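What follows is a short report on a single structure.
Shown next as structure tokens:
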């Protein structure tokens, strides 16, 4: 028996369309409804047969579903919650895939009905590409999905949502929304902010031309441009909705950077060496934990030899 | 006819051993001498047959060579220059592969004899791995090698060195050492500094455990750990020897970051969106220029489907 009778995915971008692909062919839902306000995304999803039914109307999309997944930028949740919550089937689970969780819980709690279950979630997975053609079925394989249920959530419903994520390859962890937002501020939000910033700084240089920045990007810069190519709307909403944690981590980052700057200015070679040596070990631990592959330079040269 | 009678590579790390591998089987040198002060590196190079002769003594290594390539951290050049310059064959070219150029030119100019040719160089290529086993023959393919000859350099000798780099797959560009150091400060040195710094900041957090940083690193952080796994000695020497340009770029980066920080604090969504949208286009230009591959997430998921 399928885990859910009918699942609705609202937002057929990288994450939404990857969930649709991951569900296909597995006994997870009897019926899958997709929704995207962008008619072009609807057409692509239809032609790729990603769902059983596509609509651009969220009110239509949630009808009769027992799992509703929001996969749009978190800035849209207020409006979406207002529209869909009165229409949800009694007993259904409302979840999401947004990269921030405290503000999401606060926003959606305003609209969720007592006879439905709000359990926000965040699959820590993605690429720098966007839209329904960017998704793929194995995106969540071996990646963590964090659920941040409110304190009064029904354990049976949490268990059911865990089962869903596990069925598409994820490992599931529960935490409070506040803790989630702090962990992700350092592991995801700050790295993106720094990457956007350095690419922005490079654009402004007049002494160094843009063609030089591009030509010599293999020296390290190009790695940052990958992250800085992520969806701008999604990331704007992340920073506006995780302001406190991001500003806190940014403060620490800047303090540490000032310290490093002084070490360079005053020729403190040992201090630089010690930091550079310690950071090297973190990479090894990430590879040992299966969170990245053990190939030099992300495997860029593997097809050359 | 080979380009050089005998080439000496001092330092059989990632770059030195990659040059040795790239030379092999091509009509570039009649004889190849390798040198490394680390006896283990010598043994590995011997067993991999990377050169015709290995020695740990630089004085021995340069004897009779018409091209000598320094491929050790730039902090070693002063001592090396002092030892080898008096022993160079008349008419030979002394070059290097260091990531900074003004300080290298200044250091080696003290020792180079008038009957030899100093032409510093920098192949903009590499991975985060180190040592003679990390090298591979196609490392320089389609990458740029920058030569920074002194003003009085012999054009025929510059041409010969260009020919060498082209023979192992590089594209060659000439520029002044000062301009090189500024271009690389933004495309390579600052990205490395930022990566080392953010990995350092993550290590210090007490509210977020190290295991959480590792588990959720797929959100962006893991990309930075790759760069922050690069050779610590090499990078210490880069920062100490390109201090002015790095501090200048770091100043601009920090100003831009403060501006971004204010935009987050005061909810300036449009400002964030506009920056994030512009940086996205730089990625496309790097891919169009053949300086990175057009695969999402560095191709990490390609073998999954």
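Protein chains in written order, with my numbering: chain A, -18 to 286; chain L, -18 to 286.
Every residue, glycine too, gets a C-beta built ideally from N, C-alpha and C.
None of the values given here were measured: they were computed from a predicted structure.
- Looking at the backbone, the Cα of residue 197 of chain A and that of residue 105 of chain L are separated by about 6 Å.
- In the three-state reduction of the DSSP assignment, residue 153 of chain L falls in the strand class, which pools E and B.
- When Cβ pairs closer than 8 Å are counted between the two stretches, the stretch 19 to 38 of chain L is seen not to touch the stretch 79 to 86 of chain L, the count staying below three.
- By the Cβ-count criterion, residue -18 of chain A is exposed, with fewer than 16 other Cβ atoms from all chains shown falling within 10 Å of its own Cβ.
- Its chain contains 183 as the residues whose beta carbon lies nearer than 6 Å to that of residue 194 of chain L, once the 5 sequence neighbours on both sides are disregarded; these appear in chain order.
- When 7 Å is used as the limit between beta carbons, residue 112 of chain A is near no residue of chain L, the shortest such separation being about 11 Å.
- With a threshold of 8 Å between beta carbons, residue 222 of chain A makes no contact with chain L.
- For the C-beta of residue 270 of chain A, the chain L residues within less than 7 Å are, from N- to C-terminus, 195, 196.
- Any Cβ of chain L closer than 8 Å to the Cβ of residue 58 of chain A would place that residue at the interface, and such an atom is absent.
- When rounded, the separation of the alpha-carbon atoms in residue 103 of chain A and residue 124 of chain A is 11 Å.
- Taken atom to atom, the span from the alpha-carbon of residue 68 of chain L to that of residue 43 of chain L is near 7 Å.
- Nearest to residue 91 of chain A by C-alpha distance, out of A/14, A/111, A/214, A/65, is A/65.
- A distance below 8 Å separates the beta carbons of residue 211 of chain L and residue 109 of chain L.
- Residue 133 of chain L is classed as exposed because its beta carbon has fewer than 16 other beta carbons within 10 Å across all chains shown.
- Residue burial annotation: residue 72 of chain A is exposed, with fewer than 16 other C-beta atoms found within 10 angstroms of its C-beta.
- The beta carbon of residue 98 of chain L lies closer than 8 Å to those of 72, 73, 74, 75, 134, 135, 138 in the same chain, with the five residues before and after it left out.
- The three-state reading of DSSP puts residue 278 of chain L in helix, counting H, G and I together.
- When the Cα atoms are used, residue 9 of chain A and residue 0 of chain A turn out to be separated by approximately 11 Å.
- Residue 10 of chain A is bridged by DSSP to A/-15.
- Judged by DSSP in its simplified three-state form, residue 158 of chain L adopts helix.
- Chain-ordered, the chain L residues with CB closer than 8 Å to the CB of residue 216 of chain A read 253, 257.
- Near chain L, meaning a CB-to-CB distance below 7 Å, no residue of the stretch 133 to 159 of chain A qualifies.
- Annotation: the continuous beta strand (DSSP E) that includes residue 76 of chain L extends over 74 to 77.
- Taking 8 Å as the cut-off, the Cβ atoms of residue 47 of chain A and residue -15 of chain A count as close.
- With respect to the C-alpha of residue -6 of chain L, the residue from L/16, L/4, L/12 having the closest C-alpha is L/16.
- Counting along the chain, the unbroken beta strand (DSSP E) around residue 35 of chain A starts and ends at 34 to 36.
- For residue 247 of chain A, the number of other beta carbons within 10 angstroms of its own is below 16, and it is reported as exposed.
- The beta carbon of residue 19 of chain A does not come within 8 Å of any beta carbon belonging to chain L, so the residue lies off that interface.
- Shown in chain order are the members of the stretch 160 to 178 of chain A whose Cβ falls below 7 Å from a Cβ of chain L: 163, 164, 165, 167, 168, 169, 171, 172, 173, 174, 175, 177, 178.
- Residue pairing by DSSP places residue 104 of chain L opposite L/126 in a beta bridge.
- DSSP places residue 50 of chain A outside any alpha helix (DSSP H); the residue lies instead in the beta strand (DSSP E), whose first and last residues are 48 to 51.
- Listed in chain order, the non-local C-beta contacts of residue 273 of chain L below 7 Å within the same chain comprise 267, local neighbours out to five positions each way being set aside.
- The DSSP-derived three-state label of residue 97 of chain L is coil.
- For secondary structure counted as the alpha helix (DSSP H) over 4 or more consecutive residues, the stretch 174 to 261 of chain A holds these complete runs in sequence order: 191 to 196, 202 to 208, 213 to 222, 224 to 246.
- Contact note: residue 129 of chain A does not reach chain L at a C-beta cutoff of 9 Å; the least C-beta distance is about 13 Å.
- If you draw a 10 Å sphere on the C-beta of residue 162 of chain L, you find 16 or more other C-beta atoms in it, and that means buried.
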